[in-house]
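A.B. asks: Here's a structure for you.
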Amino acid sequence: MDDFLDLRPSATPVSDAERARRMSDLGFGKVFSEHMVTMRYEGGAWRRAELVPYGPLSLDPASTALHYGQAIFEGFKAYSQPDGGIATFRPEANARRFQASARRLAMAEVPVDRFLASADALIRQDRGWVPREHGQSLYLRPLLIGVDPWLGVKPSSSYLFVLLASPSGAYFAKGMRPVSVWISDDYVRASPGGTGAAKCAGNYAASLVAQAQAAQKGCDQVVWLDAVHRRFVEELGGMNIFFVLSNAGRATLVTPELTGTLLPGVTRDSLLVLGREQGLEVEERLFSVEELGEGLANGRITEVFACGTAAVITPVGSIQSRRGAWAVGGGEPGPVASRLRDALLAIQHGTAPDPHGWMHRVC
Ligand SMILES: *Cc1c(COP(=O)(O)O)cnc(C)c1O
Numbered sequence: 120m121d122d123f124l125d126l127r128p129s130a131t132p133v134s135d136a137e138r139a140r141r142m143s144d145l146g147f148g149k150v151f152s153e154h155m156v157t158m159r160y161e162g163g164a165w166r167r168a169e170l171v172p173y174g175p176l177s178l179d180p181a182s183t184a185l186h187y188g189q190a191i192f193e194g195f196k197a198y199s200q201p202d203g204g205i206a207t208f209r210p211e212a213n214a215r216r217f218q219a220s221a222r223r224l225a226m227a228e229v230p231v232d233r234f235l236a237s238a239d240a241l242i243r244q245d246r247g248w249v250p251r252e253h254g255q256s257l258y259l260r261p262l263l264i265g266v267d268p269w270l271g272v273k274p275s276s277s278y279l280f281v282l283l284a285s286p287s288g289a290y291f292a293k294g295m296r297p298v299s300v301w302i303s304d305d306y307v308r309a310s311p312g313g314t315g316a317a318k319c320a321g322n323y324a325a326s327l328v329a330q331a332q333a334a335q336k337g338c339d340q341v342v343w344l345d346a347v348h349r350r351f352v353e354e355l356g357g358m359n360i361f362f363v364l365s366n367a368g369r370a371t372l373v374t375p376e377l378t379g380t381l382l383p384g385v386t387r388d389s390l391l392v393l394g395r396e397q398g399l400e401v402e403e404r405l406f407s408v409e410e411l412g413e414g415l416a417n418g419r420i421t422e423v424f425a426c427g428t429a430a431v432i433t434p435v436g437s438i439q440s441r442r443g444a445w446a447v448g449g450g451e452p453g454p455v456a457s458r459l460r461d462a463l464l465a466i467q468h469g470t471a472p473d474p475h476g477w478m479h480r481v482c
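Sequence positions in the sequence shown follow the numbering used here and run 120 to 482.
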């Protein structure tokens, strides 16, 4: 379905040697592929999309997004497959969440078929930018901003959709490294009726000062509590969070339920499915800081980890708050987190069967 998209690739392609040089030191989100897709919404309709060389955008300085924050984004990955082809992981889930985020911020929704076809076209064009090693991927970053050039506070009537791609290295090149986290009492990420379930730029802007406070306390990441009771654990930085509870040798996987203030992660959803398949009890429910503190003190909680597209699974090695400090699982990645991560990566890299139809073959 490329009939809405015009291909205008670069007339001066990057040489193989130059591409290899740029891809020799991949971190996360530092290197960009050669092209991007742009598409405008005007007069109540989406216009034709264009695949063009990656480069600066031209924006009116009065654009809505720059003043009032009508800006949302997504993130998903394309993985190289054993036969040399490329497949994306659950892109339709991201397309639907992008629409849900747009609705929350009163923005125009990008049709799912255009979202998917834009990604496929960009990946096919830039397939040389999909790294091939295990754990590496091409990270796709769709973005939608309001671009009406006036300062009235109301939903923009024109929008710009941009899709970029960034080759990414394995997040933990030398194996998973557990992070330390700070439970924030001073700041909240999301409140009932707010934008916590939307992937909007403003949520991230509002989180940075809490992240800075966590760093000041010597921690890598911040843990968010609910805004009303300041008791229930919601997320970890820009990731969802899981706890592993052991009960007479049987492991239970617990993650905070989707109350409307959490971001419904695709990785979270996938791990709930894989956890059940691996024979774990799985619970989505409220999880308080008291339960966390007691469970860590008496050893009932054996693992804590975060999950999201970028890092897949990030084990937590220590937790600090005003109420106390705890080590988790001896500071080492736990077996449940390791097994889930291996199972997910095997599906993504096409080395394990895909019974749920999560992989979308691009080329
Ligand atoms: C994107 C995001 C996640 C993770 O979602 P995935 O679909 O798994 O990548 C979790 N929490 C927040 C706040 C996010 O923005």
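Using N, Cα and C, we set each Cβ at its ideal position, and we do this for glycine too.
Ordered along the chain, which non-local residues of its own chain (more than five positions away) have a Cβ less than 6 Å from that of P274?
C.D. replies: Indexing the sequence shown from 1 puts residue 274 at position 155. Closer than 6 Å at Cβ, skipping near neighbours: A225.
A.B. asks: Return the CA-CA distance between P434 and S129, expressed in angstroms with no decimal places.
C.D. replies: Taking the sequence shown and counting its residues from 1, one reaches residue 434 at position 315. Taking the sequence shown and counting its residues from 1, one reaches residue 129 at position 10. C-alpha separation (whole angstroms): 41 Å.
A.B. asks: Kindly indicate which three-state DSSP category F123 falls into: helix, strand or coil?
C.D. replies: Looking up residue 123 in the sequence shown gives position 4. Coil, per DSSP.
A.B. asks: Please tell me whether Q335 and G265 are closer than 8 Å, where the distance is taken between their beta carbons.
C.D. replies: Counting from one through the sequence shown, the residue named residue 335 turns up at place 216. Counting from one through the sequence shown, the residue named residue 265 turns up at place 146. No, Cβ-Cβ distance for Q335 and G265 is not below 8 Å.
A.B. asks: Check whether the Cβ atoms of E252 and A289 lie closer than 8 Å to each other.
C.D. replies: By one-based count along the sequence shown, residue 252 stands at place 133. By one-based count along the sequence shown, residue 289 stands at place 170. In contact: E252 and A289 (Cβ atoms closer than 8 Å).
A.B. asks: Below 8 Å, how does it come out for the segment 443-463 and the segment 411-428: are there three or more Cβ pairs, yes or no?
C.D. replies: Result yes; three or more Cβ-Cβ pairs closer than 8 Å.
A.B. asks: Can you find the residues in the same chain that come closer than 8 Å, C-beta to C-beta, to R404, ignoring five residues on each side of it along the sequence?
C.D. replies: Here residue 404 corresponds to residue number 285 of the sequence shown, with the count starting at 1. Only V373, P375 and E376 meet the Cβ criterion.
A.B. asks: F362 lies in the beta strand (DSSP E); which residues open and close that run?
C.D. replies: Sequence index remark: in the sequence shown, residue 362 carries index 243 (1-based). It spans N359 to N366 - the beta strand (DSSP E) in which F362 sits, taken as one unbroken run.
A.B. asks: In terms of alpha-carbon separation, which member of G418, A416, E396 and M358 lies closest to A430?
C.D. replies: The sequence position of residue 430 within the sequence shown is 311, counting from 1. Ranking G418, A416, E396 and M358 by Cα distance to A430 puts M358 first.
A.B. asks: Using DSSP with H/G/I as helix, E/B as strand and the rest coil, what is P434?
C.D. replies: Position 315 of the sequence shown, counted from the first residue, corresponds to residue 434. P434: strand per DSSP, three-state reduction.
A.B. asks: In terms of alpha-carbon separation, which member of G368, I432, E228 and R166 lies closest to L459?
C.D. replies: One-based indexing of the sequence shown puts residue 459 at position 340. The residue with the shortest Cα to Cα distance from L459 is I432.
A.B. asks: Which stretch, first to last residue, makes up the beta strand (DSSP E) that contains F192?
C.D. replies: Residue 192 sits at position 73 when you count from the first residue of the sequence shown. It spans A190 to F192 - the beta strand (DSSP E) in which F192 sits, taken as one unbroken run.
A.B. asks: Let me check understanding here. Comparing Cα to Cα, which of M158, P172, A240 and F147 lies closest to T131?
C.D. replies: As a first step, residue 131 must be located in the sequence shown, where it is residue number 12. Looking at the Cα atoms, P172 is the closest of the given residues.
A.B. asks: Confirm the yes/no value for this check: CB of K502, any heavy atom of ligand 1, distance under 7 Å.
C.D. replies: Lying outside 120 to 482, the shown extent of the chain, residue 502 is not represented and no answer is given.
A.B. asks: To the nearest angstrom, how far is the alpha carbon of K362 from that of R223?
C.D. replies: As a first step, residue 362 is located in the sequence shown; it is residue number 243 there, counting from the start. As a first step, residue 223 is located in the sequence shown; it is residue number 104 there, counting from the start. Per the sequence shown, residue 362 should be read as Phe rather than Lys. Answer to the nearest angstrom: the Cα atoms are 29 Å apart.
A.B. asks: Rounded to the nearest angstrom, how far is the Cβ of F280 from that of V352, given a contact under 8 Å?
C.D. replies: As a working note, residue 280 is residue 161 in the sequence shown. As a working note, residue 352 is residue 233 in the sequence shown. At roughly 34 Å, the Cβ-Cβ gap does not stay under 8 Å, so F280 and V352 are not in contact.
A.B. asks: Are P452 and M295 closer than 8 Å when you measure CB to CB?
C.D. replies: Numbered from 1 along the sequence shown, position 333 holds the residue referred to as residue 452. Numbered from 1 along the sequence shown, position 176 holds the residue referred to as residue 295. Yes.
A.B. asks: Short check: CB of G379 to CB of P311, under 8 Å?
C.D. replies: Your numbering for residue 379 matches position 260 in the sequence shown. Your numbering for residue 311 matches position 192 in the sequence shown. Yes.
A.B. asks: What's the C-alpha gap between C489 and E400?
C.D. replies: Coverage of the chain is limited to positions 120 through 482, which leaves residue 489 absent and any answer about it impossible.
A.B. asks: In terms of residue numbering, what span does the alpha helix (DSSP H) encompassing H186 cover?
C.D. replies: Numbered from its first residue, the sequence shown carries residue 186 at position 67. Run containing H186: T183 to Y187, per the alpha helix (DSSP H) assignment.
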